[in-house]
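Q: Sharing a structure here in structure tokens format.
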Amino acid sequence: MTNLMLMMLRKIIYYSSAFSPRSEKAVMGSYENQFSDNAKYLYIHWQQTQFIRAIWISGNPEVIAALHKRGFEAYHRRSFLGLFHCLTAKYYFYNSYIGDINQNLAKGAIKVNLWHGSPLKKIEFDITSGPLTHTFQASNSINKLTNSLRYHQQHIKPDIMLSPSPMMDKLFMSAFRLSDKQMLRSGNPRTDYHKRYPEQKLSFTNLFNHHFDKVIMYAPTWKLQTTKYHQTNLQAKSHLTEDKNEINLYDVAFNWKVLSEHLTINNQLFLIRLDANEAQLKSEFNQYPNIVDISQCQDIYPNMHEVDLLITDQSSLCIDFLLNQTPTLFYIPSDIEKLMPKKESSQESYTDNYDYVDTLPLYGNDKAVKVSSFEALLMKLESDESFYISAKLSQKYKQLCNLFWSEYACDAFDVIEKQIIKRTDKTYRHHLP
Numbered sequence: 078m079t080n081l082m083l084m085m086l087r088k089i090i091y092y093s094s095a096f097s098p099r100s101e102k103a104v105m106g107s108y109e110n111q112f113s114d115n116a117k118y119l120y121i122h123w124q125q126t127q128f129i130r131a132i133w134i135s136g137n138p139e140v141i142a143a144l145h146k147r148g149f150e151a152y153h154r155r156s157f158l159g160l161f162h163c164l165t166a167k168y169y170f171y172n173s174y175i176g177d178i179n180q181n182l183a184k185g186a187i188k189v190n191l192w193h194g195s196p197l198k199k200i201e202f203d204i205t206s207g208p209l210t211h212t213f214q215a216s217n218s219i220n221k222l223t224n225s226l227r228y229h230q231q232h233i234k235p236d237i238m239l240s241p242s243p244m245m246d247k248l249f250m251s252a253f254r255l256s257d258k259q260m261l262r263s264g265n266p267r268t269d270y271h272k273r274y275p276e277q278k279l280s281f282t283n284l285f286n287h288h289f290d291k292v293i294m295y296a297p298t299w300k301l302q303t304t305k306y307h308q309t310n311l312q313a314k315s316h317l318t319e320d321k322n323e324i325n326l327y328d329v330a331f332n333w334k335v336l337s338e339h340l341t342i343n344n345q346l347f348l349i350r351l352d353a354n355e356a357q358l359k360s361e362f363n364q365y366p367n368i369v370d371i372s373q374c375q376d377i378y379p380n381m382h383e384v385d386l387l388i389t390d391q392s393s394l395c396i397d398f399l400l401n402q403t404p405t406l407f408y409i410p411s412d413i414e415k416l417m418p419k420k421e422s423s424q425e426s427y428t429d430n431y432d433y434v435d436t437l438p439l440y441g442n443d444k445a446v447k448v449s450s451f452e453a454l455l456m457k458l459e460s461d462e463s464f465y466i467s468a469k470l471s472q473k474y475k476q477l478c479n480l481f482w483s484e485y486a487c488d489a490f491d492v493i494e495k496q497i498i499k500r501t502d503k504t505y506r507h508h509l510p
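According to my numbering, the residues represented by the sequence shown are 78 to 510, in order.
What follows is the structure, given as structure tokens:
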């Protein structure tokens with residue numbers, strides 16, 4: 078009963094915030110209190126141009142202190158000024174949900190969702206399997222009301238979303254229950270920023286004080302680091318785990334010692350970008366020369382132009398790399414598939430893909446860009462051809478890029494600012510005598 082009362086109170090506060098006067102300023106935030114992704118780059122852009130007063134909101138004191146050190150305006154979401162600006166800002170810009178900023182005080186604001194990825198797996202109200210199903214799907218009106226109370230921020234529609242292509246329009250409109258009038262044809266701030274500010278790109282040579290002939294990035298999407306197994310199912314040695322009954326999935330996928338030796342001989346750098354929940358593996362990976370875990374860096378976009386090869390199983394990061402025409406290898410070890418549990422509703426990692434994914438160029442059954450064993454992967458890394466897009470594959474990369482990134486997509490900063498100017502003019506004219 079107490080939880081129900083608190084959820085109802087939250088709704089009351091949320092709808093009451095619609096009566097608060099709001100001024101021409103923007104509050105911005107990101108998931109898990111990070112300073113990251115699209116909202117980050119839009120915020121930094123506005124700190125440089127002063128187009129609008131932009132205020133970062135976070136629950137992480139370290140993030141706030143770092144922004145203050147740079148001379149930027151930022152507040153803790155529970156501080157007086159944080160609450161004040163969340164209640165009085167006309168614009169909310171966020172990467173996932175309004176809770177990135179403040180889920181209780183956003184009702185009267187124009188909410189712009191700068192969604193953090195390109196959906197390959199089903200998202201939001203398109204989810205029909207897995208543990209998130211009950212968050213978005215309801216069997217009757219009572220369940221729908223209950224979900225709205227319990228999962229408040231997930232059920233708040235954005236007013237505007239950016240979409241780089243017609244295909245993405247359809248996906249976002251379905252997943253977020255939006256109309257086509259709420260979609261703006263645009264690139265993303267994270268991919269447009271360094272086009273506008275190329276001088277702010279960073280170099281791996283300066284970062285590591287060494288020039289590598291090739292830079293490889295590995296970005297898996299596995300949610301399970303380790304799994305119990307029986308020796309009869311898989312005869313494998315674990316280099317990174319001491320428990321004989323437990324094996325690290327990454328240890329199944331790679332022979333790190335052999336990989337490190339190859340990288341050292343060929344002057345190659347292997348960057349690992351894991352899920353944030355796997356941060357504890359950093360020291361274990363970093364013990365091998367030329368292998369560096371960058372998972373805690375949160376941001377690879379300043380260095381993205383220097384990555385020569387992306388390796389993933391199905392990360393949507395591949396979609397962003399298309400803009401740089403970076404070659405991609407899809408690595409799904411057959412041994413991993415044997416170890417992974419059978420599909421169960423309790424496994425978050427088994428959210429269904431959208432139907433269109435199997436028909437995509439490269440993502441489908443193209444064996445030229447797929448490997449299923451470490452030995453095959455190592456052979457690819459030993460071949461110079463893996464670091465270039467061949468004429469045979471070039472057309473497929475172009476087709477894939479055109480599906481996700483319309484050639485007519487406008488600069489994200491211009492698109493957003495035109496909308497703000499448009500809405501500001503309307504407000505001004507509305508108050509003329």
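Ideal Cβ positions, reconstructed from N, Cα and C, are used throughout, including at glycine.
Taking only the alpha-carbon atoms, compute the straight-line gap between Asp397 and Thr223 and give it to the nearest angstrom.
A: Residue mapping note: residue 397 aligns to position 320 of the sequence shown, counting from 1. Residue mapping note: residue 223 aligns to position 146 of the sequence shown, counting from 1. If you take the alpha carbons of Asp397 and Thr223, they lie about 37 Å apart.
Q: Starting from the C-beta of Asp290, find all residues in its chain whose C-beta is less than 8 Å away, skip the five residues before and the five after it, and write them out in chain order.
A: Position 213 of the sequence shown, counted from the first residue, corresponds to residue 290. Counting only Cβ-Cβ distances below 8 Å, and skipping sequence neighbours, we find Asn343, Asn344, Gln345.
Q: So is Ser263 buried or exposed if we call it buried at 16+ other beta carbons inside 10 Å?
A: Within the sequence shown, numbered from 1, the residue matching residue 263 stands at position 186. It is buried - the Cβ of Ser263 has at least 16 other Cβ atoms within 10 Å.
Q: Specify the secondary structure class of His288 as computed by DSSP and reduced to three states.
A: The residue labelled residue 288 in the question sits at position 211 within the sequence shown. Coil.
Q: Is Tyr171 near Leu191, with beta carbons less than 9 Å apart?
A: As a first step, residue 171 must be located in the sequence shown, where it is residue number 94. As a first step, residue 191 must be located in the sequence shown, where it is residue number 114. Their beta carbons are under 9 Å apart, which means Tyr171 touches Leu191 by this criterion.
Q: In terms of alpha-carbon separation, which member of Ala445, Tyr228, Ser206, Lys221 lies closest to Met84?
A: As a position in the sequence shown, residue 84 is number 7, starting the count at 1. The candidate whose alpha carbon is nearest that of Met84 is Tyr228.
Q: Using CA coordinates, which residue listed in His339, Ala142, Leu197 is at the minimum distance from Asn367?
A: To locate residue 367, count along the sequence shown from 1; it is residue 290. Answer by Cα proximity: His339.
Q: Mind the definition here: the region 110–130 touches the region 201–221 only if three or more C-beta pairs lie below 8 Å; say whether that holds.
A: With a cut-off of 8 Å, the region 201–221 and the region 110–130 do not count as touching, because too few Cβ pairs lie within range.
Q: So for Thr298, helix, strand or coil by DSSP?
A: Start at 1 with the first residue of the sequence shown, and residue 298 comes out as number 221. Thr298 falls in the coil class under three-state DSSP.
Q: By the 10 Å Cβ neighbour count, where 16 or more other Cβ atoms means buried, how is Ala468 classified, buried or exposed?
A: For the purposes of this step, residue 468 is identified with residue 391 of the sequence shown, where counting begins at 1. With fewer than 16 Cβ atoms within 10 Å of its Cβ, Ala468 is classed as exposed.
Q: Identify the continuous beta strand (DSSP E) that holds Leu226 and give its terminal residues.
A: Your numbering for residue 226 matches position 149 in the sequence shown. Not the beta strand (DSSP E): Leu226 falls in the alpha helix (DSSP H), residues 218–227.
Q: Could you give the distance in angstroms between the alpha-carbon of Asp376 and the alpha-carbon of His211?
A: The residue given as residue 376 occupies position 299 in the sequence shown. The residue given as residue 211 occupies position 134 in the sequence shown. Approximately 32 Å, taken between the alpha carbons.
Q: What's the gap between the Cα of Phe249 and the Cα of Gln259?
A: In the sequence shown, residue 249 corresponds to position 172, counting from 1. In the sequence shown, residue 259 corresponds to position 182, counting from 1. Approximately 10 Å between the Cα atoms of the pair.
Q: With a threshold of 8 Å on Cβ separation, who are the neighbours of Thr501 within its own chain once the five nearest residues in sequence on each side are excluded?
A: Translated into the one-based positions of the sequence shown, residue 501 becomes position 424. The answer, listed in chain order, is Glu101.
Q: Just the Cα atoms here: how many angstroms apart are Glu494 and Phe331?
A: By 1-based counting over the sequence shown, the position of residue 494 is 417. By 1-based counting over the sequence shown, the position of residue 331 is 254. Each residue's Cα considered, the two are about 46 Å apart.
Q: In angstroms, rounded to a whole number, what distance separates the CA positions of Lys234 and Val189?
A: Here residue 234 refers to the residue found at position 157 of the sequence shown. Here residue 189 refers to the residue found at position 112 of the sequence shown. Distance between the alpha carbons of Lys234 and Val189 is about 9 Å.
Q: Could you give the uninterrupted runs of the beta strand (DSSP E) lying entirely in the region 106–148, keeping only those of 3 residues or more?
A: 130–135, all fully within the region 106–148.
Q: In angstroms with no decimal places, state the Cα-to-Cα distance between Phe53 and Leu81.
A: For the chain, the structure presents residues 78 to 510; residue 53 sits outside this window and is missing.
Q: Strictly by DSSP, which residues pair up with Tyr474?
A: The sequence position of residue 474 within the sequence shown is 397, counting from 1. Paired residue(s): none; Tyr474 is not in a bridge.
Q: Grab the span of the alpha helix (DSSP H) containing Leu436 for me, first residue to last.
A: Residue 436 sits at position 359 when you count from the first residue of the sequence shown. Inspection of the sequence shows that residue 436 is occupied by Thr rather than by Leu. That residue, Thr436, is in no alpha helix (DSSP H); it is neither H nor E in DSSP.
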